[in-house]
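Colleague:
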Amino acid sequence: MFDPTKKCPVLGIDVNTGRLEEAAEYITGERKNLKGSYVCFSNVHTTVMAFKNGEYRKALEGAGFVFADGKPVAGEQKKKGFADAQRIAGPDFMKEIFERSRDGSVSHYFYGSSRETLDRLRENLQRTYPGMDIRGMYSPPFRKLTKEETDHDIEMINASGADMVWIGLGAPKQELFMYGTKGRVNALMLGVGAGFSFHAGTKKRAPLWMQKLGLEWLFRLLSDPKRLFKRYLVTNTQFLWYTKVMKK
55 MFDPTKKCPV LGIDVNTGRL EEAAEYITGE RKNLKGSYVC FSNVHTTVMA FKNGEYRKAL
115 EGAGFVFADG KPVAGEQKKK GFADAQRIAG PDFMKEIFER SRDGSVSHYF YGSSRETLDR
175 LRENLQRTYP GMDIRGMYSP PFRKLTKEET DHDIEMINAS GADMVWIGLG APKQELFMYG
235 TKGRVNALML GVGAGFSFHA GTKKRAPLWM QKLGLEWLFR LLSDPKRLFK RYLVTNTQFL
295 WYTKVMKK
């Protein structure tokens, strides 16, 4: 059974431990009580970012749940004695929740990504999970929103009456958005980044064997080396330095 109080610090961030299926079942069952809160999925890149950036760290610390969206993060938990620690990736968590709500018992709203991706996402979800209750989808401008725009979006989301709001703005934007709107959105927010694109089929995910070996980052790097090379080279090295040498 998932224990929401069971957490392990990784680079100073308290990360929840547990199994994917049990965590998804708990979140689904407690969704009404979790309204106004939010869920983060932290990988090596975002964990290092939180360690170095105070503002972003506050965003993770303000979350109701932080899950290890990265095998190295879960590996650090295991080394600290949490035997049941497991990688809980955003896209996998989405699938688990979708499976549990194909009967329409849980309502969803999708905020982020592009209009094209959202259209594909709706099509795929309706085909794969018939009966799923999708209350709305919105692609905000790809820039910093004004206060008036943010207020409008919150009103629009709340008017939908959705139980869960999936946020696909990418890190660190989505975590900062959830932190800034905590308590104002009448639903549980979940920041899942590229999860929208994976479930829409607009981006390919790493083969299962690479995921199990903790090499999904390598697959993404090879898919977009120009954009991701520096990020992975720097943050992966820093994560190893902080956890192995500095023992953080």
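Each residue of the sequence shown is one higher than the one before, starting from 55 at the first, in this note's numbering. Using N, Cα and C, we set each Cβ at its ideal position, and we do this for glycine too.
(1) Can you tell me whether V120 is helix, strand or coil according to DSSP?
(2) Put G144 into one of helix, strand or coil per three-state DSSP.
(3) Grab the span of the alpha helix (DSSP H) containing G224 for me, first residue to last.
(4) Which residues in the same chain have their Cβ closer than 6 Å to the Cβ of K60, if we skip the five residues on either side of it in sequence?
(5) By how many angstroms is the C-alpha of F250 removed from the C-alpha of S168?
(6) Using three-state DSSP, classify K280 as helix, strand or coil.
(7) With DSSP as the reference, identify every bridge partner of M218, one or two as the case may be.
(8) Any contact of the stretch 138-147 with the stretch 122-130, i.e. 3+ C-beta pairs under 8 Å?
(9) Could you pull the start and end residues of the beta strand (DSSP E) that N70 belongs to?
(10) Could you check whether G118 and Y80 sit closer than 9 Å to each other, using their CB atoms as the reference points?
(11) What is the DSSP secondary structure of R154, reduced to helix, strand or coil?
(12) First and last residue of the beta strand (DSSP E) that includes R111?
(13) Cα-Cα, which of E150, P194, G222, A213 is closest to T182?
(14) Relative to the C-alpha of A128, which residue among N107, A241, V98, E115 is closest?
Modeller: If we stick to the structure as given:
(1) If you number the sequence shown from 1, residue 120 lands on position 66. V120: strand per DSSP, three-state reduction.
(2) The residue you call residue 144 lines up with position 90 of the sequence shown. Correct three-state label for G144: helix.
(3) As a first step, residue 224 is located in the sequence shown; it is residue number 170 there, counting from the start. Per DSSP, G224 is not a residue of any alpha helix (DSSP H), being assigned neither H nor E.
(4) Within the sequence shown, residue 60 is the residue found at index 6, counting from 1. Closer than 6 Å at the Cβ level, and outside the excluded window around K60, lie T71.
(5) Indexing the sequence shown from 1 puts residue 168 at position 114. Indexing the sequence shown from 1 puts residue 250 at position 196. Rounded to whole angstroms, S168 and F250 show a C-alpha spacing of 9 Å.
(6) Counting from 1 along the sequence shown, the entry for residue 280 is found at position 226. Helix, per DSSP.
(7) Start at 1 with the first residue of the sequence shown, and residue 218 comes out as number 164. DSSP, once it has assigned bridges, lists H162, L242 as partnering M218.
(8) yes
(9) Reading the sequence shown from its first residue, position 16 is the one you call residue 70. Per DSSP, N70 belongs to the beta strand (DSSP E) from 67-70.
(10) On the sequence shown, residue 80 is found 26 positions in, with the first residue counted as 1. On the sequence shown, residue 118 is found 64 positions in, with the first residue counted as 1. Their beta carbons are not under 9 Å apart, which means Y80 does not touch G118 by this criterion.
(11) Here residue 154 is taken as the residue at index 100 of the sequence shown, counted from 1. Helix at R154.
(12) To locate residue 111, count along the sequence shown from 1; it is residue 57. Run containing R111: none in the beta strand (DSSP E); it sits in the alpha helix (DSSP H), 108-115.
(13) In the sequence shown, residue 182 corresponds to position 128, counting from 1. Out of E150, P194, G222, A213, E150 has the C-alpha closest to the C-alpha of T182.
(14) By one-based count along the sequence shown, residue 128 stands at place 74. Answer by Cα proximity: V98.
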